[in-house]
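Colleague:
Number of protein chains: 2
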Amino acid sequence: MDDISLLREFPIFARVGDADVRAFAALLKESRAAAGTDIMAEGDSGSSMHFLVEGTVDIIKTTPFGDRFVCATFTAAMHCVFGEMALMDNDRRSATVRARTDCRTLYVEREDFDAFTAARPLAGVELLKFIGVNLVRNIRKENENLALVYQALIEEIEGR
Amino acid sequence: MDDISLLREFPIFARVGDADVRAFAALLKESRAAAGTDIMAEGDSGSSMHFLVEGTVDIIKTTPFGDRFVCATFTAAMHCVFGEMALMDNDRRSATVRARTDCRTLYVEREDFDAFTAARPLAGVELLKFIGVNLVRNIRKENENLALVYQALIEEIEGR
Numbered sequence: 115m116d117d118i119s120l121l122r123e124f125p126i127f128a129r130v131g132d133a134d135v136r137a138f139a140a141l142l143k144e145s146r147a148a149a150g151t152d153i154m155a156e157g158d159s160g161s162s163m164h165f166l167v168e169g170t171v172d173i174i175k176t177t178p179f180g181d182r183f184v185c186a187t188f189t190a191a192m193h194c195v196f197g198e199m200a201l202m203d204n205d206r207r208s209a210t211v212r213a214r215t216d217c218r219t220l221y222v223e224r225e226d227f228d229a230f231t232a233a234r235p236l237a238g239v240e241l242l243k244f245i246g247v248n249l250v251r252n253i254r255k256e257n258e259n260l261a262l263v264y265q266a267l268i269e270e271i272e273g274r
Numbered sequence: 115m116d117d118i119s120l121l122r123e124f125p126i127f128a129r130v131g132d133a134d135v136r137a138f139a140a141l142l143k144e145s146r147a148a149a150g151t152d153i154m155a156e157g158d159s160g161s162s163m164h165f166l167v168e169g170t171v172d173i174i175k176t177t178p179f180g181d182r183f184v185c186a187t188f189t190a191a192m193h194c195v196f197g198e199m200a201l202m203d204n205d206r207r208s209a210t211v212r213a214r215t216d217c218r219t220l221y222v223e224r225e226d227f228d229a230f231t232a233a234r235p236l237a238g239v240e241l242l243k244f245i246g247v248n249l250v251r252n253i254r255k256e257n258e259n260l261a262l263v264y265q266a267l268i269e270e271i272e273g274r
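Chains as they are written, first to last, in our numbering: chain V, 115 to 274; chain D, 115 to 274.
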């Protein structure tokens, strides 16, 4: 399967036409990671969004005490993107993405993404809305996690 | 000052041209809230993003134990938008926005926002990127809050 057919499977392109997907594909670079190595590392500066096209990855976060835990596992069949926050700001990666098996990703750099949304704004609107929906889902999940940990803290303090 | 001049002051329009701001302004509806009343309520379904053009609001959240706390206060001079998550999904409001003084907001409904981004996609890309940057900032803040509360919980459990 060629990369354009692979990309078509990603929900982020559901409302994007073939010509726009081809133009987007032309901007992508390829990255390979051997099993056990990091595709991106929490705390690093980042500027790219990745499409997982082969393999399985663990999303790993670090607690304030330095303990690491796997908060999600994605396979290529799930057609996930990650690193999309880096398209919005210059800040640090919020999690490590580690190859659980040998992996291949296709990735877009922020400046290429910005050039694409300027040249093909209707497609750009669709990509940005998809990313926005993902970000909102993450905020709602974080809100739930915060409520759970806060509740546990108060119960621990008060012996409720 | 007319509403278009007011809107021009909002950073969300920094990279949007005058004609696009005028077209956007034509979609906006007005809402007034007396001091002490809610502009939106946590848990309600929402479909609009608001521009605070007059007054001061408190952003209020509820803990899992039902306690309410003010997590931010915004004045019209800060040119803030709120409720932008509702442009991305159909889910519930994540916080209450309460008028601390008499307030006036201008708001856009999701279906009008979608029509705008379809009709003026270059401006749509700029608005969506601005919203995306805001959402990412919120995620990073939530991550910090989660780490702080988690750390307090572990210290409480272990007596560190």
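For glycine and all other residues, C-beta sits at the position ideal for the given N, C-alpha and C.
What is the rounded straight-line gap between the Cα of HIS164 of chain D and the Cα of GLU123 of chain D?
Modeller: One-based indexing of the second sequence puts residue 164 of chain D at position 50. One-based indexing of the second sequence puts residue 123 of chain D at position 9. Computed Cα separation, rounded: 14 Å.
Colleague: For the beta strand (DSSP E) containing LEU121 of chain D, name the first residue and the last one.
Modeller: Taking the second sequence and counting its residues from 1, one reaches residue 121 of chain D at position 7. Element bounds for LEU121 of chain D: not the beta strand (DSSP E) but the alpha helix (DSSP H), 117 to 122.
Colleague: Ordered along the chain, which non-local residues of its own chain (more than five positions away) have a Cβ less than 6 Å from that of ALA147 of chain D?
Modeller: Within the second sequence, numbered from 1, the residue matching residue 147 of chain D stands at position 33. Closer than 6 Å at Cβ, skipping near neighbours: ILE153, ALA213, CYS217.
Colleague: Looking only at its chain, what residues have a beta carbon closer than 6 Å to the beta carbon of ALA149 of chain V, apart from the 5 residues adjacent to it on each side?
Modeller: Indexing the first sequence from 1 puts residue 149 of chain V at position 35. ALA213, THR215, ASP216.
Colleague: Going by beta carbon distance, what residues of the same chain come within less than 7 Å of GLU168 of chain D, once the five residues before and after it are set aside?
Modeller: Within the second sequence, numbered from 1, the residue matching residue 168 of chain D stands at position 54. Result list for GLU168 of chain D: ALA190, CYS217, ARG218, in chain order.
Colleague: According to DSSP, is MET154 of chain D helix, strand or coil?
Modeller: On the second sequence, position 40 is the one that residue 154 of chain D refers to. Three-state DSSP puts MET154 of chain D in a strand.
Colleague: At a CB distance below 7 Å, what residues from the segment 179 to 204 of chain D approach chain V? Give them in sequence order.
Modeller: Answer in chain order: PHE179, MET199, MET202, ASP203.
Colleague: What residues of chain D sit near ASP235 of chain V, judged by a beta carbon separation below 8 Å?
Modeller: Working through the first sequence from its first residue, we reach residue 235 of chain V at position 121. Note that residue 235 of chain V is Pro in the sequence shown, not Asp. Correct list: PRO235, LEU236, GLY238, VAL239.
Colleague: Determine the burial state of THR210 of chain D: buried for a count of at least 16 other Cβ atoms within 10 Å of its Cβ, exposed for fewer.
Modeller: As a working mapping, residue 210 of chain D is identified with position 96 in the second sequence. With 16 or more Cβ atoms within 10 Å of its Cβ, THR210 of chain D is classed as buried.
Colleague: For ASP158 of chain V, which residues of its own chain have a beta-carbon under 6 Å away from its beta-carbon, when the five flanking residues on both sides are left out?
Modeller: Residue 158 of chain V sits at position 44 when you count from the first residue of the first sequence. Answer for ASP158 of chain V: ARG207, listed in chain order.
Colleague: Where DSSP assigns a beta bridge to PHE183 of chain V, which residues make up the other side?
Modeller: Here residue 183 of chain V refers to the residue found at position 69 of the first sequence. For PHE183 of chain V, which the question treats as bridged, DSSP gives the partners V:LYS175.
Colleague: Check distances from the C-beta atoms of the segment 239 to 261 of chain D to those of chain V and list, in chain order, the residues that come in under 7 Å.
Modeller: Under the 7 Å Cβ criterion, the segment 239 to 261 of chain D contributes VAL239, LEU242, LYS243, ILE245, GLY246, VAL247, LEU249, VAL250, ASN252, ILE253, ARG254, GLU256, ASN257, ASN259, LEU260, ALA261.
Colleague: Which of helix, strand or coil does DSSP assign to MET202 of chain D?
Modeller: What you label residue 202 of chain D is simply residue 88 of the second sequence in a count that begins at 1. Looking at MET202 of chain D - three-state DSSP - the assignment turns out to be coil, as it is neither helix nor strand.
Colleague: When we look at the beta-carbon of ARG234 of chain V and count the other beta-carbons within 10 Å, is it buried (16 or more) or exposed?
Modeller: Taking the first residue of the first sequence as position 1, residue 234 of chain V is located at position 120. When all chains shown are included, ARG234 of chain V counts as buried.
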